[in-house]
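**Q**
Residue numbers (this note's numbering): 167 to 424.
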């Protein structure tokens, strides 16, 4: 499949837990290693140098209050991807190398950004889709508190969780309960091409129509015991129709614990 279009993914973008923040959204520029034909991987962990760099950003909310994050070391990330004819397969593995349990670990599986005009602007929210009650729905038809972007959850009570509230001022809310695993995507201006993104065990998703033009599916890792590794698979699929792509992803990513 050759669309001659450009996409980018910051993979992953955020890792957080009840213990603290492992990774924030600023780019880390990892050292990728080729592991096979069209396959790459890297390993990364939070360091004191990284924490110092992140604390220097001093991000502020709309009221001008500095947002402070509690960074923590101990989780090691391995991210790998494999490019195939009609999809990109993604794998995230988190290993707890500390002596303490990590509680309720969640990752933003990646900031998938459109870089070609075929998918940008011009009713971008309307052309973005997400699965709700087993059916694809245009995000333009769903409730959101912020016009340009939103966070969707399968369980609306999740909006009350600390890690969600931490960024609610930016992402806003929706009263729509989405399907799990969270599968979302977009169609091109002429409706001839579509893309879909999803992760197993993903219970929330993000869409942003500002200058980032991005989609996110966020897998849960649960509690991770000392020495334990937990893996989540994701996939980006390309095709002509979002409903067909979402159906394939749903079958691929469905697990009993989603």
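Each residue gets a CB set at the ideal place from its N, CA and C atoms; glycine is no exception.
Taking just the CA atoms, how far does residue 171 sit from residue 328?
**A** Residue 328 sits at position 162 when you count from the first residue of the chain shown. Residue 171 sits at position 5 when you count from the first residue of the chain shown. One C-alpha to the other measures close to 38 Å.
**Q** Just curious, the alpha helix (DSSP H) that residue 219 is in, first and last residue?
**A** Residue mapping note: residue 219 aligns to position 53 of the chain shown, counting from 1. Note, residue 219: alpha helix (DSSP H), 214 to 221.
**Q** Which one of 262, 381, 354, 249 has the shortest CA to CA distance from residue 314?
**A** Your numbering for residue 314 matches position 148 in the chain shown. Selected option, being the one with the closest Cα: 381.
**Q** Quick one: what's residue 274 bridged to in DSSP?
**A** The count along the chain shown starts at 1 and reaches residue 274 at position 108. Secondary-structure assignment with DSSP links residue 274 through a beta bridge to 180.
**Q** Would you kindly work out how many angstroms separate the C-alpha atoms of residue 424 and residue 368, rounded to a whole number?
**A** Here residue 424 is taken as the residue at index 258 of the chain shown, counted from 1. Here residue 368 is taken as the residue at index 202 of the chain shown, counted from 1. The pLDDT assigned to residue 424 is 48, lower than 50, so where the model puts this residue is not dependable; a value taken from the coordinates is nonetheless given after this. Their backbone Cα atoms lie some 7 Å apart in a straight line.
**Q** Are there three or more Cβ pairs, one per stretch, closer than 8 Å when the segment 343 to 350 is compared with the segment 318 to 332?
**A** yes
**Q** Please name the residue, chosen from 330, 358, 267, 323, that lies closest to residue 293 on a Cα-to-Cα basis.
**A** Along the chain shown, one-based indexing puts residue 293 at 127. Looking at the Cα atoms, 358 is the closest of the given residues.
**Q** Which two residues bound the contiguous beta strand (DSSP E) that contains residue 409?
**A** The count along the chain shown starts at 1 and reaches residue 409 at position 243. Note, residue 409: premise wrong, no beta strand (DSSP E); alpha helix (DSSP H) at 408 to 419.
**Q** Under 7 Å Cβ to Cβ from residue 288, same chain only, skipping five residues before and after it: list those, please.
**A** On the chain shown, position 122 is the one that residue 288 refers to. These residues qualify, in order along the chain: 355.
**Q** Taking the alpha carbon of residue 227 as the point to measure from, which residue in 393, 413, 336 has its own alpha carbon closest?
**A** Translated into positions along the chain shown, residue 227 becomes position 61. The shortest Cα separation from residue 227 among 393, 413, 336 belongs to 336.
**Q** Hey, which unbroken runs of the alpha helix (DSSP H) at 4 residues or more fall wholly within the segment 192 to 256?
**A** List check, alpha helix (DSSP H) in window: 214 to 221.
**Q** Alpha carbon to alpha carbon, what distance is there between residue 392 and residue 374?
**A** Walking along the chain shown from the start, residue 374 turns up at place 208. Walking along the chain shown from the start, residue 392 turns up at place 226. Cα to Cα, the separation comes out at about 35 Å.
**Q** Name the residue from 225, 208, 408 whose alpha carbon lies nearest to the alpha carbon of residue 360.
**A** The residue given as residue 360 occupies position 194 in the chain shown. Residue 408 is the option with its Cα nearest to residue 360.
**Q** Which stretch, first to last residue, makes up the alpha helix (DSSP H) that contains residue 336?
**A** What you label residue 336 is simply residue 170 of the chain shown in a count that begins at 1. Note, residue 336: alpha helix (DSSP H), 334 to 337.
**Q** Along the chain, where does the beta strand (DSSP E) that runs through residue 331 open and close?
**A** The residue given as residue 331 occupies position 165 in the chain shown. No beta strand (DSSP E) contains residue 331, which is instead part of the alpha helix (DSSP H) from 328 to 331.
**Q** With a threshold of 6 Å on Cβ separation, who are the neighbours of residue 235 within its own chain once the five nearest residues in sequence on each side are excluded?
**A** Residue numbering aside, residue 235 sits at position 69 when the chain shown is read from its first letter. 187.
**Q** For the candidate residues 346, 231, 183, whose alpha-carbon lies nearest to that of residue 296?
**A** By one-based count along the chain shown, residue 296 stands at place 130. With distances taken between Cα atoms, residue 296 lies closest to 346.
**Q** Taking the alpha carbon of residue 389 as the reference point, which residue from 267, 225, 406 has its own alpha carbon closest?
**A** Here residue 389 corresponds to residue number 223 of the chain shown, with the count starting at 1. With distances taken between Cα atoms, residue 389 lies closest to 267.
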